[in-house]
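Shown next, in structure tokens, is the structure this report addresses.
Protein chains: 2
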Amino acid sequence: MTMDTTPLAGLLAAVPDTDGLDTRILDAALAEFETYGLRRVSVEDVAKRAGVARTTIYRRFTNKEQLLQAVILREVRRFLTAIAEATERLGSAEEAVVEGFVVGLQAARDQALLTRVLHSEPESFLPQLSMNGGAVMLAARDILADRLRRARPGDRQDFDTVAEVLLRVAVSLLLVPDGGLRLDGEDEIRAFAREHLTRLLRPSP
Amino acid sequence: MTMDTTPLAGLLAAVPDTDGLDTRILDAALAEFETYGLRRVSVEDVAKRAGVARTTIYRRFTNKEQLLQAVILREVRRFLTAIAEATERLGSAEEAVVEGFVVGLQAARDQALLTRVLHSEPESFLPQLSMNGGAVMLAARDILADRLRRARPGDRQDFDTVAEVLLRVAVSLLLVPDGGLRLDGEDEIRAFAREHLTRLLRPSP
DNA sequence: AGAGCTACAATACTTGTAGTTCTGTCCTTC
DNA sequence: GAAGGACAGAACTACAAGTATTGTAGCTCT
Numbered sequence: 001m002t003m004d005t006t007p008l009a010g011l012l013a014a015v016p017d018t019d020g021l022d023t024r025i026l027d028a029a030l031a032e033f034e035t036y037g038l039r040r041v042s043v044e045d046v047a048k049r050a051g052v053a054r055t056t057i058y059r060r061f062t063n064k065e066q067l068l069q070a071v072i073l074r075e076v077r078r079f080l081t082a083i084a085e086a087t088e089r090l091g092s093a094e095e096a097v098v099e100g101f102v103v104g105l106q107a108a109r110d111q112a113l114l115t116r117v118l119h120s121e122p123e124s125f126l127p128q129l130s131m132n133g134g135a136v137m138l139a140a141r142d143i144l145a146d147r148l149r150r151a152r153p154g155d156r157q158d159f160d161t162v163a164e165v166l167l168r169v170a171v172s173l174l175l176v177p178d179g180g181l182r183l184d185g186e187d188e189i190r191a192f193a194r195e196h197l198t199r200l201l202r203p204s205p
Numbered sequence: 001m002t003m004d005t006t007p008l009a010g011l012l013a014a015v016p017d018t019d020g021l022d023t024r025i026l027d028a029a030l031a032e033f034e035t036y037g038l039r040r041v042s043v044e045d046v047a048k049r050a051g052v053a054r055t056t057i058y059r060r061f062t063n064k065e066q067l068l069q070a071v072i073l074r075e076v077r078r079f080l081t082a083i084a085e086a087t088e089r090l091g092s093a094e095e096a097v098v099e100g101f102v103v104g105l106q107a108a109r110d111q112a113l114l115t116r117v118l119h120s121e122p123e124s125f126l127p128q129l130s131m132n133g134g135a136v137m138l139a140a141r142d143i144l145a146d147r148l149r150r151a152r153p154g155d156r157q158d159f160d161t162v163a164e165v166l167l168r169v170a171v172s173l174l175l176v177p178d179g180g181l182r183l184d185g186e187d188e189i190r191a192f193a194r195e196h197l198t199r200l201l202r203p204s205p
């Protein structure tokens with residue numbers, strides 16, 4: 001048996017969650033953070049919403065910061081799972097590129113926590129971005145690259161980089177929305193990806 | 001005679017700068033902002049460094065914010081000029097893609113003001129990004145798209161979007177450096193652009 | 001074993017205030 | 001048109017007093 005050390009494995013590793021109380025707490029914390037931002041939420045608030053004593057939260061999570069990280073981790077895991085599932089039943093590599101991009105961009109835009117912090121507490125966003133951003137991108141990249149390799153078994157091209165470029169385009173659309181590309185609906189996103197991003201793939205050998 | 005209304009024209013429009021005093025002030029302001037950030041610099045500091053009375057600055061610029069915007073505008077103009085010049089004597093469209101990306105990314109990374117604010121005053125960076133980021137990207141996109149069209153006179157493909165994707169990849173490398181792609185030296189950047197980004201171009205007709 | 005509850009020290013965050021700096025304008029002199 | 005001084009109002013800094021929050025511990029109940 002080998003030790004899993006990839007970012008993907010680390011981020012997608014199964015969670016114990018014996019009794020569902022962790023889940024209740026994380027749900028409450030997520031709801032609070034999404035509604036009020038990070039700064040204005042106290043552990044007490046989370047406890048009240050979860051219907052739990054404050055001390056219980058401290059028994060499960062070492063401190064507020066780690067609670068936040070646990071919330072983020074779960075959201076990241078959901079995000080990655082969404083990408084993984086949407087690209088699982090793979091047709092062509094082109095299809096994987098398109099669906100990976102569409103789902104990735106949409107899921108990121110729909111992340112209430114992310115957009116909340118980005119818009120109402122930008123000062124805490126950049127730090128979080130440099131703390132988690134790279135790892136999340138690597139994990140998502142690994143998933144997509146895997147899909148591409150599966151779709152093109154013989155092909156030895158650099159799928160990692162192709163996948164990362166996809167993701168970086170999505171990231172920049174998220175962070176700098178006011179460019180020439182609007183990409184509003186799912187249809188627009190898909191059309192753009194199909195028309196332009198599939199070109200990143202070399203024609204199959 | 002037609003009115004120029006493109007972002008490019010607006011940003012690249014010639015500056016009067018009658019006497020060179022504006023330049024002295026802008027030089028001083030740039031140096032101060034690069035060294036100490038935006039918050040810690042007073043107009044007095046700028047005046048001292050420029051060897052000018054503080055009131056003079058207020059005669060030339062309406063307020064501190066507008067002085068900052070003038071500094072940024074000049075830097076943006078330099079940035080765009082660098083891209084425009086580096087891609088002027090165009091060979092193939094592929095060459096334009098590669099050089100545009102290399103010069104754009106390097107120039108952005110070497111912008112002392114940008115990196116200064118990004119790292120030491122992130123809270124003021126995101127607002128600036130949404131204020132100016134889109135326009136700058138549009139202007140740079142127009143320049144690059146123009147180069148591509150010139151290199152492929154008959155070709156009717158969507159060069160605007162190709163150019164924008166290039167730029168967005170560069171932006172994301174700037175904002176999220178800790179991914180799988182390091183792209184440290186000029187050679188690495190160029191190799192990446194040549195290998196992957198030129199694929200965004202459709203083969204010539 | 002683990003949640004609830006109370007209590008508690010330490011820390012962090014508000015509030016109000018006084019003092020200082022900075023901004024932006026005006027006016028006079030050169 | 002620039003320099004320089006002078007000035008009111010705004011913004012920032014420092015600091016003290018009060019309040020809220022954090023994180024820990026002990027005890028009870030199941």
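As they're listed, the protein sequences go chains R and F. Residue numbering for the first sequence follows full-length UniProt numbering, beginning at 1 and increasing consecutively. Residue numbering for the second sequence follows full-length UniProt numbering, beginning at 1 and increasing consecutively. Each residue gets a CB set at the ideal place from its N, CA and C atoms; glycine is no exception.
For residue 91 of chain R, there is no enclosing alpha helix (DSSP H), as DSSP gives it neither H nor E.
Under the DSSP assignment, residue 134 of chain R falls in the alpha helix (DSSP H) whose first and last residues are 134 to 151. In this structure, residue 175 of chain F places its C-beta atom within 8 angstroms of the C-beta atom of residue 175 of chain R. The C-alpha of residue 70 of chain R is placed about 13 angstroms away from the C-alpha of residue 38 of chain R.
Put simply, the CB of residue 205 of chain F is far from chain R, with every gap to its CB atoms at 8 angstroms or more. DSSP places residue 106 of chain F in the helix class (H, G or I) of the three-state scheme. At least one C-beta of chain R is nearer than 8 angstroms to the C-beta of residue 141 of chain F. Within chain F, the residues placing a beta-carbon under 7 angstroms from that of residue 175 of chain R are 175, ordered along the chain.
Excluding sequence positions up to five before and after residue 114 of chain F, its CB lies within less than 7 angstroms of the CB of 108, all in the same chain and listed in chain order. Counting only residues of its own chain and dropping the five nearest sequence neighbours on each side, residue 30 of chain F has a CB closer than 8 angstroms to the CB of 71, 74, 75, 113. Residue environment: residue 164 of chain R is assigned as buried (16 or more neighbouring CB atoms within 10 Å of its CB, all protein chains considered). Taking C-beta atoms under 8 angstroms as the contact rule, residue 147 of chain R and residue 96 of chain R qualify, at a distance of about 4 angstroms. Taking 7 angstroms as the Cβ-Cβ cut-off, the stretch 83 to 102 of chain R has no residue approaching chain F.
One Cα belongs to residue 44 of chain F, the other to residue 159 of chain R, and the distance between them is close to 54 angstroms. In the structure shown, residue 121 of chain F falls within a coil segment according to DSSP collapsed to helix, strand and coil. DSSP places residue 155 of chain R outside both helix and strand once states are collapsed to three, so it counts as coil. Interface with chain R (8 angstroms Cβ-Cβ cutoff): residue 76 of chain F is excluded. In this structure, residue 83 of chain F keeps its C-beta atom at 8 angstroms or more from the C-beta atom of residue 67 of chain F. Under the Cβ distance rule, residue 181 of chain F counts among the residues neighbouring chain R, one pair being separated by less than 8 angstroms. Put simply, the stretch 91 to 106 of chain R touches the stretch 183 to 194 of chain R. At least three CB pairs are less than 8 angstroms apart. A Cβ-Cβ separation of about 5 angstroms places residue 34 of chain F in contact with residue 116 of chain F under the 8 angstroms criterion. Pairwise C-beta distances place the stretch 121 to 139 of chain R in contact with the stretch 122 to 138 of chain F, as three or more of them are shorter than 8 angstroms.
Membership of residue 69 of chain F in the alpha helix (DSSP H) is indicated by the continuous run 64 to 86. Assignment of residue 61 of chain R by DSSP, reduced to helix, strand and coil, places it in the coil class. An exposed status is given to residue 62 of chain R, since fewer than 16 other beta-carbon atoms sit within 10 Å of its beta-carbon.
The continuous alpha helix (DSSP H) containing residue 43 of chain F extends over residues 43 to 50. Here residue 110 of chain F is exposed, its C-beta having fewer than 16 other C-beta atoms within 10 Å. Its Cα nearest to that of residue 171 of chain R, the residue R:118 stands out among R:204, R:118, R:200, R:201. Scanning its chain for C-beta atoms nearer than 7 angstroms, with the 5 sequence neighbours on each side dropped, one finds around residue 41 of chain F the residues 32, 33, in chain order. The beta carbon of residue 117 of chain R sits no closer than 8 angstroms to any beta carbon of chain F. Taking 8 angstroms as the CB threshold, residue 184 of chain R stays off the interface with chain F. Of the residues assessed, residue 137 of chain F falls on the buried side of the cut-off, its CB having 16 or more other CB atoms within 10 angstroms.
Just measuring C-alpha positions, the residue of F:161, F:173, F:51 sitting nearest residue 182 of chain R is F:161.
Between residue 144 of chain R and residue 134 of chain F, the alpha-carbon positions lie close to 28 angstroms from each other. The beta carbon of residue 198 of chain R lies closer than 6 angstroms to those of 94, 97 in the same chain, with the five residues before and after it left out.
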